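Numbering (mature numbering (1 follows the signal peptide of the UniProt record, and there is no 0)), first residue to last: -23 to -1, 1 to 245. The beta-carbon is built from N, C-alpha and C at its ideal position, and this holds for glycine as well. Keep in mind the model is a prediction, meaning the values are calculated, not measured.
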């Protein structure tokens, strides 16, 4: 009986250790709302988890908030879209490596009636200036996200300091911002992936696209082991390397919504 009991206890202990080890086989990824809202992660994460045995728990926030999570040591990995900010993050010692992963573009969305005549614009600067000159309602994420940072650069390029009753800073993610724009018949800048996946368009339509300044690059960062030795650097490295591998890049390219490819892999 004692021998049997010892075997049972040993089995339970081994099972507990296995479960405990398995519970550690995950990373926390701080990433953007666009990668989450578009459905990309629902498509590619199961493929990574099957290949590696590592689960990925996504915290989807604006890029600025994602940087802050990583800066505090509250995330194991970063996948964001602000190349200049990412390079500063490496230069400041918070990350040891940054890699291009994929790209798409930003688009300007507005009411079908297009009261600012944005469709006639030849450049993004002209499009933004037209909205400001018409004082047409514009909803901004206003959340220090990669999209918000890009939007503010585009206003600057247009020689406009946005403000006044026509310009609404919401402090919200891309999906809620699009919902507000739909309710207000307002203009809004979105990443293309979230726009394509967005279901509540009402009177909104795509009114401007195609300028090179609307290019939207995403990057993966390996965080500093020196600053945050408690993070799961080994598991995070496997995720980072998979993203830029042939398998990861194929998984990204294969993701489509309504037959449209939303992200284009470009790892070097």
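Anticipated Cβ contact below 8 angstroms, residue i with residue j, distance rounded
| i | j | result |
| --- | --- | --- |
| residue 5 | residue 34 | 5 angstroms |
| residue 71 | residue 31 | That pair is no contact at about 22 angstroms. |
| residue 89 | residue 117 | Going by Cβ atoms, the distance from residue 89 to residue 117 rounds to 21 angstroms, so no, they are not a contact pair. |
| residue 85 | residue 173 | Contact doesn't hold; Cβ gap of about 14 angstroms is too wide. |
| residue 148 | residue 120 | 5 angstroms |
Inter-residue spacing [alpha-carbon to alpha-carbon] between residue i and residue j
| i | j | result |
| --- | --- | --- |
| residue 135 | residue 213 | 40 angstroms |
| residue 54 | residue 100 | 36 angstroms |
| residue 141 | residue 113 | 11 angstroms |
| residue -2 | residue 138 | Caution applies to residue -2, whose pLDDT of 47 falls short of 50 and renders its modelled position unreliable; the value that the coordinates give is listed next. For residue -2 and residue 138, the distance between alpha carbons rounds to 52 angstroms. |
| residue 129 | residue 104 | 14 angstroms |
| residue 111 | residue 154 | 21 angstroms |
| residue 176 | residue 166 | 16 angstroms |
| residue 226 | residue 78 | 8 angstroms |
| residue 217 | residue 211 | 10 angstroms |
| residue 67 | residue 185 | 34 angstroms |
| residue 38 | residue 243 | 23 angstroms |
| residue 204 | residue 80 | 29 angstroms |
| residue 224 | residue 13 | 20 angstroms |
| residue 256 | residue 36 | Nothing about residue 256 can be read from this structure; the chain reaches only from -23 to 245. |
| residue 7 | residue 245 | 22 angstroms |
Buried/exposed call for residue i, threshold 16 Cβ in 10 Å
| i | result |
| --- | --- |
| residue 65 | exposed |
| residue 190 | exposed |
| residue 83 | buried |
| residue 59 | buried |
| residue -17 | Reliability fails at residue -17, whose pLDDT of 41 lies under 50, so the model's placement of it is uncertain and the value that follows must be treated cautiously. Counting Cβ neighbours within 10 Å, residue -17 comes out exposed, since fewer than 16 surround it. |
| residue 61 | exposed |
| residue 19 | exposed |
| residue 201 | buried |
| residue 126 | buried |
| residue 187 | exposed |
Beta-carbon proximity check, residue i vs residue j, cutoff 7 angstroms
| i | j | result |
| --- | --- | --- |
| residue 73 | residue 208 | no |
| residue 44 | residue 219 | no |
| residue 221 | residue 47 | no |
| residue 196 | residue 63 | yes |
| residue 15 | residue 171 | yes |
| residue 109 | residue 95 | no |
| residue 159 | residue 183 | no |
| residue 57 | residue 123 | yes |
| residue 17 | residue 232 | yes |
| residue 215 | residue 29 | yes |
| residue 115 | residue 52 | no |
| residue 230 | residue 21 | no |
Residue-level contact to chain B via CB, residue i, 7 angstroms cutoff
| i | result |
| --- | --- |
| residue 138 | In the structure shown, chain B cannot be found, because there is only a single protein chain. |
heavy atom of the ligand FMN below 6 angstroms from residue i C-beta
| i | result |
| --- | --- |
| residue 103 | Absence of the ligand FMN from the depicted structure is noted, as is the absence of any ligand whatsoever, leaving it without description. |
For this session: Kindly provide the ranges of any alpha helix (DSSP H) runs that are 4 or more residues long and lie completely inside the stretch 147 to 212, ordered along the chain.
Result: 151 to 161, 169 to 174
For this session: Return the chain-ordered ranges of every beta strand (DSSP E) run that is complete within the stretch 46 to 129 and spans a minimum of 3 residues.
Result: 54 to 57, 72 to 88, 115 to 117
For this session: Scan the stretch 3 to 30 and note each continuous alpha helix (DSSP H) run of 4 residues or more that stays entirely inside, going in chain order.
Result: 10 to 14, 17 to 29
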